[in-house]
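Notes to accompany the following structure.
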Ligand SMILES: NC(=O)c1ccc[n+]([C@@H]2O[C@H](COP(=O)([O-])OP(=O)(O)OC[C@H]3O[C@@H](n4cnc5c(N)ncnc54)[C@H](OP(=O)(O)O)[C@@H]3O)[C@@H](O)[C@H]2O)c1
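Residue numbers (the working numbering): 1 to 303.
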């Protein structure tokens, strides 16, 4: 950090903007609600790195210009969120195998030669958080039931299949679940994945699941949302129920906790997918605890 340049203090982070500050951010539309700036800026400040992370609202019609602008402006990289994850794919020079398989990029790395690498860290974030949360569990996770077949479900089914688990996917629109399974099998021929109709298949699949994951958007509005579940189907104490939603305690997690299952919300996945992006941009190990703390502060210390 140079001392001759003007410096600007970012509140709550002790993060300084200097003449040499590296830029990162999140491209979305809208993006003002994103918790990622708070999380990444706290991490940069904690490690004393001369980086900043800013929200980058980009309308769909301007995504090409925005991505090319990252290189022109000397960004280290950026996250990509709704609705741009598929649209940035053809704008990358290279893709990691998971980004190619999912046809969705959530992390762009601007390499020193100005070329762009597209990655997808959602599956990594889910697995890293799951592993840390179930570290004390005695038995292995072998059978997984995934509710939903959207973008988030694709990333976690890929990661779970790569880890060797057997996965059943249940979705309101069965064709989307079937298409997800095909995508994962094409990329990972040894994957054991199958698609099933909702809710008819739930009792049988739930009975054999070690892990149940809600990757639908049902629960985002708390108790106002319907359950992505049949309440007559019981949970067990040896089951883990993971809900990707992180802004509220979802009806599914309440029901699963009442049934004695271990429940996990999506905050840790958000932290770990961000931690992976952070490491790709800076080459430094991300301060995961600091990132968790920043998110807890932003979400009113509910967690
Ligand atoms: N923790 C994290 O880091 C993280 C990361 C990514 C996403 N998420 C969360 O994961 C959730 C899914 O995100 P996404 O990007 O995958 O969304 P998406 O692509 O829009 O997929 C939404 C999924 O929810 C299902 N769904 C929506 N409304 C439904 C309803 N009324 N009844 C039954 N199913 C319904 C959809 O089923 P159909 O296919 O039938 O439409 C689809 O499977 C969101 O809540 C998001 O906030 C969390």
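Just so it is clear, CB atoms sit at the ideal spot from N, CA and C, and this is done for glycine as well.
Under 7 Å: does the beta carbon of residue i sit that close to some heavy atom of ligand 1?
i, result
"residue 122", "yes"
"residue 41", "no"
"residue 51", "no"
"residue 246", "yes"
"residue 300", "no"
"residue 237", "no"
"residue 276", "no"
"residue 152", "yes"
"residue 140", "no"
"residue 269", "yes"
"residue 333", "For residue 333 there is no data in the structure shown, the boundaries of the chain being 1 and 303."
"residue 311", "Given a span of 1 to 303 for the chain in the structure shown, any question on residue 311 remains unanswerable."
"residue 230", "no"
"residue 79", "no"
"residue 118", "no"
"residue 205", "no"
"residue 266", "yes"
"residue 172", "yes"
Residues in the same chain with beta-carbon distance under 6 Å from residue i, minus the five sequence neighbours each way, listed in chain order, please.
i, result
"residue 187", "101"
"residue 270", "246"
"residue 93", "115 and 116"
"residue 264", "133 and 242"
"residue 38", "294 and 298"
Is the beta carbon of residue i less than 8 Å from the beta carbon of residue j?
i, j, result
"residue 146", "residue 257", "no"
"residue 27", "residue 80", "yes"
"residue 88", "residue 63", "yes"
"residue 106", "residue 273", "yes"
"residue 22", "residue 121", "no"
"residue 153", "residue 169", "yes"
"residue 171", "residue 199", "no"
"residue 78", "residue 25", "yes"
"residue 158", "residue 184", "yes"
"residue 262", "residue 240", "yes"
"residue 144", "residue 165", "yes"
"residue 98", "residue 125", "no"
Out of curiosity, what's the CA-to-CA distance linking residue i and residue j?
i, j, result
"residue 82", "residue 29", "7 Å"
"residue 303", "residue 227", "Confidence at residue 303 is low in this model, with a pLDDT of 44, below 50, so the placement of that residue should be treated as unreliable; the coordinate-derived value is given next. Those two C-alpha atoms are separated by around 22 Å."
"residue 221", "residue 116", "36 Å"
"residue 219", "residue 280", "32 Å"
"residue 134", "residue 209", "15 Å"
"residue 73", "residue 111", "13 Å"
"residue 95", "residue 119", "6 Å"
"residue 52", "residue 201", "47 Å"
"residue 238", "residue 130", "15 Å"
"residue 296", "residue 282", "23 Å"
"residue 141", "residue 160", "10 Å"
"residue 252", "residue 71", "43 Å"
"residue 244", "residue 139", "22 Å"
"residue 31", "residue 50", "23 Å"
"residue 204", "residue 175", "20 Å"
"residue 90", "residue 76", "19 Å"
"residue 309", "residue 54", "Beyond the ends of the chain as shown, which are 1 and 303, falls residue 309; an answer cannot be given."
"residue 197", "residue 113", "48 Å"
"residue 69", "residue 249", "38 Å"
"residue 212", "residue 260", "13 Å"
Excluding the five sequence neighbours on either side, which residues of its own chain have a C-beta within less than 8 Å of the C-beta of residue i, listed in chain order?
i, result
"residue 2", "Confidence at residue 2 is low in this model, with a pLDDT of 41, below 50, so its placement is unreliable and no value can be given for it."
"residue 66", "27, 56 and 58"
"residue 61", "none"
"residue 255", "227, 229, 231 and 235"
Among residues of its own chain, excluding the 5 on either side of residue i, which ones have a beta-carbon nearer than 7 Å to its beta-carbon?
i, result
"residue 278", "40, 43 and 286"
"residue 15", "41, 44, 45 and 52"
"residue 223", "251"
"residue 290", "42, 43 and 46"
"residue 162", "188"
"residue 128", "272"
Pop quiz: residue i and residue j are said to be a contact at Cβ under 8 Å. What is the actual Cβ separation, rounded to whole angstroms?
i, j, result
"residue 177", "residue 206", "Not confirmed; about 16 Å, so no contact."
"residue 85", "residue 151", "6 Å"
Is residue i a contact residue of ligand 3, with contact defined as CB to any heavy atom under 7 Å?
i, result
"residue 273", "As far as ligands go, the structure on display features ligand 1 and does not contain ligand 3."
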